[in-house]
Structure formats: structure tokens, C-alpha cells
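First the structure, in the form of C-alpha cells, and then the observations on it.
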């Protein structure tokens, strides 16, 4: 399969990611053929570096990425062997050299990461607590030493999916918490880990928050899935709801990621009608534009970031195979860059020869694009992190 002509996708069933690397409710899986052999990694034109991590455990899956003031790159995820799960965090310098590699070995899944003004690193995710699952948020110093850790127990099943930091280095975590139904649950901490406030959003049925961002006024924006629609909520810094916006295509829609630009506009990406769908809102919640991009037979956008020019980068997975083939065999990273008006600047696909799923994206001070996720390589699920140059010279792979 030509790496420049084939894109990829991860499949969403309802709101749950249906992949080998995501810990979710049991689902039935079609009978599939064995995983094809992966290719040897190659630095392609437009890439600065590529790094694969697949040591120790058999399943190594990255879910979050952030950059710091030195353009270092922090990648977080989960490593597992059978039913044992651990946080894994890797810090790279701007050239892709590993500075350190940390593991938090108490049975956890890291799903999001952010960096504060002092280059401290905040990781959030989940951990098992008896028969329940709870939020876990850990703050590290720049050397990877734990500063503090906090958990949240809503009484049943709680999973944090995203974390953001505001200009005061306050930390905001969002995810889902189960009561009668699943609800958005957003918690704000100060820099020392003390809780300022927590807010729940209870829609008509189940609600799952996946993405979170802050703006220059320290407002907080959360997006996810509510009753089959995108649901995006903007809070002020005190936790008061400023507005709530739904997007309904008439089919199942799920908001997956959110980012803000330097004008405090809000960009939401998700899956709608089986394609990538991106919405840009003004700060007051009015819709500026929406863009759909049908890159392949199966499409699954996962995350969004912006750069200093207010360009928008979305990432995910796509595949030209059937659903059954996709689940068992192959998909590719998909990276799409728009300008601030929603025009496509470039697209990139990465085909490792097997199954590759991009889960997170960040930009650095030079507007380079860093994408992470996982790939099936040498018989193991592996972290796969790629740094792309900002200028792709009109590169358009599809």
C-alpha cells in the first residue's frame, strides 16, 4: 500500500474508540486475518524526526503529547503486559533525543498531558480502585520527579481524558463520571493541587467529555459527546457556564478534541457522518465555519491543535479498507492542516505497513507539528511519535 496515497482511521462505535490499545467496555470483534508485517520506519520528506518506543511490554500506546518552552516534547500513554497497565512518559529534546523515560507502575492509563509556565508536566488519566476506576492526575517537575498526585472518585466509573493549564498555572481536568448515566466531569486545581471547583454536565442520556482547552481570559472549553451530538461548553474561570453549543448532523456525532487560537476562537474536531468534521466558533459561541473532510472509507479524527498563525492541525486515523479489515489489519496516521479560514494547506499520511493510529497533536515555538499515537511494529504495539516541519512545501498526500 503506497504510504502517500492511503490514509487511515480508528473506528468509533458510539463514543468508544474501538482499537486494541484503548481500555473500554467489552465489544465483539470480527474474525480477522493476522496483523500484516510492519515496515522499517523511514524518515519521509517533511519529517524532522520519527521515534518508536516498544520496549519491555507488549502493548505500548501513546495518547497525549505536549511541548515546553524549550520545544522539548513530552509523550504519555499506557504500557501493558496482559492485564497489567502502567503510565509511561517520555521526554524528548527538540531533535528527538530521549531526555528521560518514566513509568508510574501502579496500574494506570495516561490519556492527557499539559505543561505549565515553569515547564512542569501534568498528566491525567485513570487508575483502578477496587472494582471502580477513578481519575488520576499527577504533576511532575521538568526532570520527571513527582510533585503531587490527586485522584477523583465519583463513586463508580470515572475516567479523565484531557487536561489543560491556564495562565495562572491552574490545572483543569475533564472526562466522564458515572452516576445514573455518564456525565461530563470537569475539575479545576490550583498549582498546588487544591481543588477550586468541580462541575458536571448532565444531558438527557450519557455524556462523555474528551477534549479541553483554555483561552487568554482563563476561560475553559470542554467538548465531547452528548446524546449522539457534539456538545461544547464554555466556562469562565470560576466555573460558571458561559454557553453550550450542540452540533447535530442527523447521525451520530462525537466531539473529540478542542483548541483555541490567539484570538480566543475555538476549534472543535470530531467525527460526523463517518468523516472528519471541524467547527470554528467565535469567543461568543457563534459558528464561524464548519469543514468536513472525507479522507477514506473509515475516518476517525482524534485531536486538534493551533499554531502561532492561527492555523489548525487535526490528526486521527483513516483507512481505505472495510471495517472488518480495518479492525484487524491496517490503518494510517492522518494529519490535516487548515488555515484560519478553513482552507486545507496540506495533508500527510503515515503508513507503517500495519496499523497506525494518531491520537494527539501539539505544535512548538517554530510551528512544527508533533503527532503521537501507536503503531504495530515488530510484533508489538509501539509508541510512534513524528515531528513534521511547519512548511510542507505544498505537500498533499491523499
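In the working numbering, the protein residues as written are 0 to 397.
All residues carry an ideal CB built from backbone N, CA and C; glycine is no exception.
DSSP three-state call for residue i: helix, strand or coil?
| i | result |
| --- | --- |
| residue 282 | coil |
| residue 441 | Examination of residue 441 is not possible in this model, given that the chain is present from 0 through 397 alone. |
| residue 273 | coil |
| residue 210 | strand |
| residue 300 | strand |
| residue 234 | strand |
| residue 41 | coil |
| residue 309 | coil |
| residue 54 | coil |
| residue 129 | coil |
| residue 24 | Reliability of the predicted coordinates at residue 24 is poor, the pLDDT of 36 falling under 50, and no value is obtained from them. |
| residue 100 | strand |
| residue 148 | strand |
| residue 358 | strand |
Can you have a look at residue i and say buried or exposed, based on whether 16 or more other CB atoms are within 10 angstroms of its CB?
| i | result |
| --- | --- |
| residue 42 | exposed |
| residue 301 | buried |
| residue 80 | exposed |
| residue 455 | One cannot answer for residue 455 here, as it falls past the ends of the chain, which runs 0 to 397. |
| residue 124 | buried |
| residue 175 | buried |
| residue 257 | buried |
| residue 358 | buried |
| residue 237 | exposed |
| residue 53 | buried |
| residue 288 | exposed |
| residue 262 | exposed |
| residue 355 | buried |
| residue 68 | exposed |
| residue 331 | buried |
| residue 129 | exposed |
| residue 310 | buried |
Rounded to whole angstroms, what is the Cα-Cα separation between residue i and residue j?
| i | j | result |
| --- | --- | --- |
| residue 72 | residue 371 | 10 Å |
| residue 51 | residue 381 | 6 Å |
| residue 364 | residue 388 | 12 Å |
| residue 338 | residue 349 | 21 Å |
| residue 266 | residue 259 | 6 Å |
| residue 375 | residue 153 | 35 Å |
| residue 145 | residue 121 | 10 Å |
| residue 168 | residue 115 | 6 Å |
| residue 318 | residue 199 | 35 Å |
| residue 233 | residue 64 | 23 Å |
| residue 28 | residue 215 | Low confidence applies to residue 28: its pLDDT is 32, below 50, so where it sits in the model is not reliable, and the reading given next is rough at best. Cα to Cα, the separation comes out at about 44 Å. |
| residue 308 | residue 186 | 30 Å |
| residue 49 | residue 377 | 16 Å |
Can you find a CB in chain B that lies within less than 7 Å of the CB of residue i?
| i | result |
| --- | --- |
| residue 373 | Of the protein chains in the structure, only one exists, and it is not chain B. |
Using 6 Å as the cut-off, classify the Cβ of residue i as near or not near the heavy atoms of the ligand MN, replying yes or no.
| i | result |
| --- | --- |
| residue 204 | Of ligands this structure carries none, so the ligand MN is not represented either. |
Skipping 5 residues on each side, what residues in its chain have a beta carbon closer than 6 Å to that of residue i?
| i | result |
| --- | --- |
| residue 360 | 302, 304, 312, 314, 370 |
| residue 66 | 72, 361, 363 |
| residue 78 | 56, 59, 85, 87 |
| residue 92 | 71, 98 |
| residue 162 | 111, 113, 121, 123, 172 |
| residue 141 | 118 |
For residue i, which residues from the same chain have a beta carbon less than 8 Å from its beta carbon, with the 5 sequence-adjacent residues on both sides left out?
| i | result |
| --- | --- |
| residue 139 | 88, 101, 119, 120, 121, 122, 145, 146 |
| residue 206 | 175, 180, 181, 182, 183, 200, 223, 224, 225, 226, 230 |
To which residues of the same chain is residue i closer than 7 Å at the C-beta, ignoring the five residues directly before and after it?
| i | result |
| --- | --- |
| residue 189 | 169, 195 |
Cβ pair count under 8 Å reaching 3, the segment 266 to 273 against the segment 238 to 253: yes
Any 3 or more C-beta pairs closer than 8 Å across the segment 217 to 227 and the segment 304 to 316: no
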